[in-house]
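This report concerns only the one structure given below.
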Amino acid sequence: MKLLYKEKQGFLRRWYLFGVPIFSYRRFRSEEQKRRVLALLQRKRELDRSFWAGSEPWRFSSDPAAPIVSLTSYGQRLEAVHLTLQSLASQSVSVHKVVLWLSETEFNQENLPDNILHAVRRGLELRFCPDWRSYKKLVPTLSEWGHMNIITADDDVLYPSTFVEGLLKGAARFPEAIIAYRGHRCTFSSEGQLLPYDQWQHCVKESDPSDELIATGAGGIYYPANSLSGAALEHKLFMSLAPSTDDLWFKCMALLKGTKVAVIDDLNGWSRYPSELFESSQRDSLYSINCKGENDRALARLFKHFDLTVSARDK
């Protein structure tokens with residue numbers, strides 16, 4: 001083992017002495033990156049302070065039309081999820097409840113960290129379910145509250161106070177559609193054949209409802225009540241056909257139900273944690289799996305099983 005050495009991770013530089021970290025510093029590629037990261041660090045500190053300093057219950061709405069916000073977490077990511085929860089509890093409009101789903105094989109009432117216990121005291125609805133990976137974000141909530149409007153959120157995003165409000169404005173504009181801040185558009189060859197996933201139009205700007213659009217989870221997705229096929233709950237099927245591609249599964253469930261997707265302009269400035277800030281919580285992402293062609297393979301399996309197609313220039 002080296003006596004003294006340095007490791008790099010993104011913009012972090014960390015020095016070690018006999019394998020023990022002794023100090024670290026940040027080296028930015030640009031002033032814009034520096035500004036963004038320092039602003040995010042400030043937001044993180046503010047949310048953390050608000051979360052731990054508060055003891056009063058979070059404010060929720062008794063209106064059954066108010067959406068339920070649903071998310072999941074796992075492993076070491078639970079260490080920082082209270083920041084996301086605090087951002088969701090600090091919205092400009094009240095939601096019906098915030099539900100966090102954890103795997104029943106990983107957690108129980110006896111091994112919950114302090115931040116989750118404190119969140120429960122403040123009003124978080126904590127539930128346990130089978131380990132359906134990323135499907136825990138939506139499927140168990142659909143199972144219990146499918147008759148209500150649902151918003152899904154990610155556990156590694158700091159949401160702005162207008163996050164829910166913006167989705168509700170989109171829902172008012174397109175009441176029959178699934179609403180997303182972030183989505184991809186399927187693209188087609190000159191012969192009308194669906195092109196591979198990496199050739200799609202990614203992160204499209206504002207768009208009217210279309211079958212060509214696929215909502216993606218990080219920015220948040222609004223699902224109107226009863227907008228997905230009942231087959232969405234078939235856990236053996238989604239774990240077999242699309243175990244790591246839940247966005248594609250839910251897209252197919254929307255197609256089966258005849259529900260289109262609309263992407264609204266993302267003026268919210270939602271911020272995913274840079275991995276350099278939360279390195280312990282980011283090691284086991286599904287992103288690398290899906291970047292190796294799994295999206296195309298999963299979509300082929302889904303389209304074949306459900307006899308689905310997406311047509312070019314669908315409106």
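Take the sequence shown: its position 35, counted from the start at 1, is 35 in my numbering, and no numbers get skipped. Quick reminder that beta carbons are idealized off the backbone N, C-alpha and C, glycines included.
Presumed contact (8 Å Cβ cut-off) between Leu-168 and Val-93, rounded CB distance: What you label residue 168 is simply residue 168 of the sequence shown in a count that begins at 1. What you label residue 93 is simply residue 93 of the sequence shown in a count that begins at 1. Contact between Leu-168 and Val-93 is confirmed by a C-beta separation of about 7 Å, below the 8 Å threshold.
Inter-residue spacing [alpha-carbon to alpha-carbon] between Asp-48 and Leu-248: On the sequence shown, position 48 is the one that residue 48 refers to. On the sequence shown, position 248 is the one that residue 248 refers to. Rounded to the nearest whole angstrom, the C-alpha separation of Asp-48 and Leu-248 is 34 Å.
Continuous beta strand (DSSP E) stretch holding Trp-101: start and end: For the purposes of this step, residue 101 is identified with residue 101 of the sequence shown, where counting begins at 1. DSSP places Trp-101 in the uninterrupted beta strand (DSSP E) bounded by 97 to 103.
Span separating the alpha-carbon of Phe-51 from that of Leu-83: Along the sequence shown, read from residue 1 onward, the residue named residue 51 stands at position 51. Along the sequence shown, read from residue 1 onward, the residue named residue 83 stands at position 83. When rounded, the distance between both Cα atoms is 8 Å.
Asn-115, buried or exposed, once every other Cβ within 10 Å from all chains shown has been counted against 16: Here residue 115 refers to the residue found at position 115 when the sequence shown is read from its first residue. Looking at its Cβ environment, which holds 16 or more other Cβ atoms inside 10 Å, Asn-115 is buried.
His-147 in three-state terms, based on DSSP: Along the sequence shown, read from residue 1 onward, the residue named residue 147 stands at position 147. Three-state DSSP puts His-147 in coil, outside helix and strand.
Environment of Asp-246 [buried if 16+ CB atoms lie within 10 Å]: Here the question's residue 246 lines up with position 246 in the sequence shown. The residue is buried, with at least 16 neighbouring Cβ atoms inside 10 Å.
Sequence-distant residues of the same chain with beta carbon closer than 6 Å to Glu-7, five excluded per side: Against the sequence shown, residue 7 aligns to sequence position 7. Result list for Glu-7: Arg-14, in chain order.
Terminal residues of the beta strand (DSSP E) in which Ala-262 lies: For the purposes of this step, residue 262 is taken as residue 262 along the sequence shown, with counting starting at 1. Residues 261 to 263.
Status (buried if at least 16 other CB within 10 Å, exposed otherwise) for Asn-149: Numbered from 1 along the sequence shown, position 149 holds the residue referred to as residue 149. Flag for Asn-149 reads buried.
Separation of Leu-4 from Ser-143, as counted between CA atoms: In the sequence shown, residue 143 corresponds to position 143, counting from 1. In the sequence shown, residue 4 corresponds to position 4, counting from 1. Spanning the two alpha carbons is a distance of roughly 54 Å.
Cβ-based burial, Ala-298 [other Cβ within 10 Å; buried from 16]: Within the sequence shown, residue 298 is the residue found at index 298, counting from 1. By the neighbour-count rule (16 or more Cβ atoms within 10 Å), Ala-298 is buried.
Range covered by the beta strand (DSSP E) that runs through His-184: Counted from its first residue, the sequence shown places residue 184 at position 184. From DSSP, the beta strand (DSSP E) with His-184 extends over 183 to 185.
Cα-Cα separation, Ser-189 to Leu-195: In the sequence shown, residue 189 corresponds to position 189, counting from 1. In the sequence shown, residue 195 corresponds to position 195, counting from 1. The alpha-carbon atoms of Ser-189 and Leu-195 are separated by roughly 6 Å.
Beta-carbon proximity of Tyr-159 to Ser-210, cut-off 8 Å: One-based indexing of the sequence shown puts residue 159 at position 159. One-based indexing of the sequence shown puts residue 210 at position 210. No, the Cβ-Cβ distance between Tyr-159 and Ser-210 is not below 8 Å.
8 Å Cβ cutoff met for Gly-123 and Pro-64: Here residue 123 corresponds to residue number 123 of the sequence shown, with the count starting at 1. Here residue 64 corresponds to residue number 64 of the sequence shown, with the count starting at 1. Against a cut-off of 8 Å, the Cβ pair of Pro-64 and Gly-123 comes out as no contact.
Coil, strand or helix - Gln-91 by DSSP: In the sequence shown, the residue the question calls residue 91 occupies position 91. Looking at Gln-91 - three-state DSSP - the assignment turns out to be coil, as it is neither helix nor strand.
Nearest-angstrom beta carbon gap, Val-81 and Ala-89 [assumed within contact, 8 Å]: Mapped onto the sequence shown, residue 89 falls at position 89. Mapped onto the sequence shown, residue 81 falls at position 81. Ala-89 to Val-81, Cβ: 12 Å. No contact.
Beta carbon of Leu-316 nearer than 8 Å to that of Leu-100: As shown, the chain starts at 1 and ends at 315. That puts residue 316 outside it, with no answer to give.
First and last residue of the uninterrupted beta strand (DSSP E) at Lys-6: Locating residue 6 in the sequence shown gives position 6, where the first residue counts as 1. Segment 4 to 9, the beta strand (DSSP E) holding Lys-6.
CB contact flag (Leu-213, Gly-170, <8 Å): Numbered from its first residue, the sequence shown carries residue 213 at position 213. Numbered from its first residue, the sequence shown carries residue 170 at position 170. Against a cut-off of 8 Å, the Cβ pair of Gly-170 and Leu-213 comes out as no contact.
Coil, strand or helix - Leu-126 by DSSP: Your numbering for residue 126 matches position 126 in the sequence shown. Strand, per DSSP.
Residues of its chain near Cys-252, where Cβ-Cβ distance is below 7 Å and the 5 sequence neighbours each way are ignored: In the sequence shown, the residue the question calls residue 252 occupies position 252. Leu-302, Phe-306, Leu-308, listed in sequence order.
Proximal residues to Thr-72 (C-beta, below 6 Å), its chain only, five neighbours per side dropped: What you label residue 72 is simply residue 72 of the sequence shown in a count that begins at 1. These residues qualify, in order along the chain: Trp-101, Lys-136, Lys-137.
Rounded Cβ spacing between Leu-38 and Ser-24 (contact assumed at less than 8 Å): Working through the sequence shown from its first residue, we reach residue 38 at position 38. Working through the sequence shown from its first residue, we reach residue 24 at position 24. The pair is not a contact, with the Cβ atoms about 15 Å apart (cut-off 8 Å).
Straight-line Cα distance separating Gly-219 from Asp-154: Mapped onto the sequence shown, residue 154 falls at position 154. Mapped onto the sequence shown, residue 219 falls at position 219. Near 8 Å, if we compare the C-alpha coordinates of Gly-219 and Asp-154.
8 Å contact criterion, which His-147 and Asn-226 should meet: CB distance rounded: Stepping through the sequence shown from its first residue, residue 147 is reached at position 147. Stepping through the sequence shown from its first residue, residue 226 is reached at position 226. With 8 Å as the limit, His-147 and Asn-226 qualify as a contact, their Cβ atoms being about 7 Å apart.
Burial state of Cys-203, where buried means 16 or more other Cβ atoms lie within 10 Å: What you label residue 203 is simply residue 203 of the sequence shown in a count that begins at 1. The residue is exposed, with fewer than 16 neighbouring Cβ atoms inside 10 Å.
Segment limits, alpha helix (DSSP H) that includes Ser-210: For this step, residue 210 is matched to residue 210 along the sequence shown. From DSSP, Ser-210 is part of no alpha helix (DSSP H) but of the beta strand (DSSP E) over 207 to 210.
Beta-carbon separation (whole angstroms), Ile-178 vs Ala-254, contact threshold 8 Å: For this step, residue 178 is matched to residue 178 along the sequence shown. For this step, residue 254 is matched to residue 254 along the sequence shown. Correct: roughly 6 Å between the Cβ atoms.
Beta-carbon contacts of Leu-241 that lie in its chain and below 8 Å, excluding the five residues immediately before and after: Working through the sequence shown from its first residue, we reach residue 241 at position 241. Counting only Cβ-Cβ distances below 8 Å, and skipping sequence neighbours, we find Trp-249, Ala-298, Arg-301, Leu-302, His-305.
CA-to-CA distance, Ile-22 to Ser-207, given in whole angstroms: Working through the sequence shown from its first residue, we reach residue 207 at position 207. Working through the sequence shown from its first residue, we reach residue 22 at position 22. Looking at the two C-alpha atoms, the distance is approximately 50 Å.
Where Gly-166 falls, given that 16 or more other Cβ within 10 Å makes a residue buried: Taking the sequence shown and counting its residues from 1, the one referred to as residue 166 is at position 166. Classification for Gly-166: buried.
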